[in-house]
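In the numbering used here, the protein residues as written are 24 to 491.
Right, one structure below, let's go through it.
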RNA sequence: GGUGAGGUGGCAGAGCGGCUAUGCGUUCGCCUGCAAAGCGAAUCUAUAGGGGUUCGAAUCCCUUCCUCACCUCCA
């Protein structure tokens, strides 16, 4: 599989000789997550699902930043402990992302549980003369790391002249960044240099080095983390280990709204909670995967509505497959299906293997859906065909992280009873009665499909936004 | 100002030297008792502008214009 690497500015072959180790920069738990966070996490969740579907072992780690000025500010504003804030938003995180059908990472390390690792790392950096102690804290000396800027393609002298760098008298160089910040108020930890708390960047270096080693396969995050966060991580980690850090740097594009980046500071966010209630996980996932991961994607209700239309086709397809009658198929249909299944599988995998092209992969998937619906519409769908399709269909659905609404066995019995009753009324030309039953069934979330020879049903996911 | 990514039909979105995906939308039709869902057909004669290179360019080169992101915390 090839993935575009931000560092080398080229597609790079993913090393799958052993397991694929992935470190994803997670969220800072000080507020609700929004769909921008969701996109990045969904992309990596889908990547992980795809790799595993290919029989590749994946070790996937995603951190929580649970010590940070934003958390502290929030805690002060609400007059509670920082711990209370971070644990609240971690609980929320899992609630929301479980609902988004995001599989759990192998580990969710927290910054506060790795203070010792960070201190050790900083110690080595000081010993190696890459860091120094000042009156405010411990700083990384950017000028000592000669490759600084290699990820973000920034020149250090240009960075200095860029006026936005904070002037701080206690630093040797304006570009130097904090490894350890002295503090006398909570949250604080003891360190060889004095009580305080870690800087943001050192967290991810410490945790990724600890769990994935000094040279792992993929380090990911949103594009906005390239500078300074990932640049600084590289400086710290490579100065510490003397080795190259991540083999591939994979960055996910921003979610925009009206063409503008969605962010807390601009106040134009759509929270995961909100979009989940309104659109549901399947629509959100389809939306997030509808564009190439590296490009920005614009949040719009029209596009989400389009995703609903597609999702309805998938549901239709699924129930046509699952409820097909026994029977043997015409040889031409068998041939067509054999061919389509083979092609779809190939196209799907090829698209994802080529820099994780999810829009291309999903178009392959929708071609399969279309073919199934074509055959179903000509009343040729039988179990011998659907049995050929279902395994592939299910697998692709699973890779995309989509889930079809199911019905219980009891509901199934009830649905079939009602259908039989309705068909009897129809044969008696009691259409009023038949329509009443149809209404009753639709209240169960079931839509009827009248074919020539039989009546099929499908469970439709309830999507709040659809009727508004 | 610097750096990076882009500008493809009404919209979304692939393709990245020759065969112009795919989906949504719109219109009409089929199916139906009527619907719904689905299917079919039609429609849109798309590659930001201008130069080149080439037998041939959306795809390569030059140039102009425009958009976004990063350069401060940010997924």
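We treat Cβ as the ideally placed atom computed from N, Cα and C, and that holds for glycine.
All values derive from a computational prediction rather than experimental measurement.
Three-state secondary structure (DSSP) of residue i
{"i": "residue 480", "result": "strand"}
{"i": "residue 284", "result": "strand"}
{"i": "residue 126", "result": "coil"}
{"i": "residue 253", "result": "helix"}
{"i": "residue 220", "result": "strand"}
{"i": "residue 294", "result": "strand"}
{"i": "residue 485", "result": "coil"}
{"i": "residue 206", "result": "coil"}
{"i": "residue 377", "result": "strand"}
{"i": "residue 278", "result": "strand"}
{"i": "residue 47", "result": "strand"}
{"i": "residue 24", "result": "coil"}
{"i": "residue 133", "result": "strand"}
{"i": "residue 163", "result": "strand"}
{"i": "residue 79", "result": "coil"}
{"i": "residue 338", "result": "helix"}
{"i": "residue 320", "result": "strand"}
{"i": "residue 242", "result": "strand"}
{"i": "residue 168", "result": "coil"}
{"i": "residue 85", "result": "strand"}
{"i": "residue 472", "result": "strand"}
{"i": "residue 363", "result": "helix"}
Spatial neighbours of residue i in its chain, beta-carbon cut-off 6 Å, leaving aside the 5 residues before and after
{"i": "residue 147", "result": "263"}
{"i": "residue 375", "result": "73 and 384"}
{"i": "residue 47", "result": "67, 85 and 243"}
{"i": "residue 280", "result": "291 and 322"}
{"i": "residue 107", "result": "none"}
{"i": "residue 235", "result": "44 and 46"}
{"i": "residue 132", "result": "86 and 230"}
{"i": "residue 94", "result": "53, 105, 108 and 109"}
Residue from the options with nearest C-alpha to residue i
{"i": "residue 402", "options": "431, 468, 474 and 439", "result": "474"}
{"i": "residue 111", "options": "71, 76, 122 and 56", "result": "56"}
{"i": "residue 274", "options": "398, 253, 289 and 257", "result": "253"}
{"i": "residue 493", "options": "198, 204, 382 and 315", "result": "A query on residue 493 cannot be resolved here, the shown segment of the chain reaching from 24 to 491 and no further."}
{"i": "residue 88", "options": "127, 162 and 137", "result": "137"}
{"i": "residue 130", "options": "171, 118 and 82", "result": "82"}
{"i": "residue 237", "options": "265, 222 and 217", "result": "265"}
{"i": "residue 199", "options": "153, 231 and 174", "result": "153"}
{"i": "residue 169", "options": "255, 117, 225 and 224", "result": "255"}
{"i": "residue 163", "options": "421, 94, 379 and 261", "result": "261"}
{"i": "residue 99", "options": "209, 158 and 151", "result": "209"}
{"i": "residue 438", "options": "379, 423, 470 and 149", "result": "470"}
{"i": "residue 397", "options": "421, 369 and 360", "result": "360"}
{"i": "residue 377", "options": "29, 31 and 36", "result": "36"}
{"i": "residue 341", "options": "125, 430 and 369", "result": "430"}
{"i": "residue 197", "options": "143, 476, 105 and 165", "result": "165"}
{"i": "residue 44", "options": "241, 344, 306 and 173", "result": "241"}
{"i": "residue 282", "options": "318, 306, 335 and 267", "result": "318"}
{"i": "residue 58", "options": "39, 306, 442 and 230", "result": "306"}
{"i": "residue 31", "options": "149, 367, 456 and 175", "result": "175"}
{"i": "residue 363", "options": "379, 413, 348 and 325", "result": "413"}
{"i": "residue 367", "options": "355, 271 and 417", "result": "417"}
{"i": "residue 387", "options": "450, 400, 399 and 369", "result": "369"}
{"i": "residue 41", "options": "79, 24, 424 and 118", "result": "79"}
{"i": "residue 490", "options": "478, 328, 354 and 445", "result": "328"}
{"i": "residue 3", "options": "206, 349 and 167", "result": "Absent from the structure is residue 3, since the part of the chain shown begins at 24 and ends at 491."}
Same chain only: Cβ atoms within 7 Å of residue i, ignoring 5 sequence neighbours per side
{"i": "residue 333", "result": "309 and 389"}
{"i": "residue 75", "result": "81"}
{"i": "residue 183", "result": "197 and 198"}
{"i": "residue 276", "result": "246, 316, 317, 318, 319 and 320"}
{"i": "residue 16", "result": "An answer regarding residue 16 cannot be provided, because it is not within the stretch 24 to 491 covered by the chain."}
Whole-angstrom C-beta distance between residue j and residue i, which should lie under 8 Å
{"i": "residue 411", "j": "residue 371", "result": "Not really, about 16 Å apart at Cβ, beyond 8 Å."}
{"i": "residue 352", "j": "residue 391", "result": "Not quite, the Cβ-Cβ distance comes to about 16 Å (not below 8 Å), so this is no contact."}
{"i": "residue 257", "j": "residue 202", "result": "Incorrect: roughly 14 Å between the Cβ atoms, too far for contact."}
{"i": "residue 54", "j": "residue 293", "result": "No, residue 54 and residue 293 are not in contact; Cβ-Cβ is about 13 Å, not under 8 Å."}
{"i": "residue 344", "j": "residue 395", "result": "6 Å"}
{"i": "residue 91", "j": "residue 29", "result": "Not really, about 24 Å apart at Cβ, beyond 8 Å."}
{"i": "residue 303", "j": "residue 486", "result": "5 Å"}
{"i": "residue 219", "j": "residue 160", "result": "6 Å"}
{"i": "residue 434", "j": "residue 467", "result": "7 Å"}
Neighbourhood of residue i by C-beta distance below 8 Å, restricted to the same chain and skipping five residues each side
{"i": "residue 338", "result": "427, 428, 481, 482, 483 and 484"}
{"i": "residue 33", "result": "27"}
{"i": "residue 493", "result": "The structure shown does not extend to residue 493, since the chain spans only 24 to 491, so no value can be given for it."}
{"i": "residue 178", "result": "172"}
ask   = For the stretch 239-254 against the stretch 62-69, are there 3 or more C-beta pairs whose distance is under 8 Å?
value = yes
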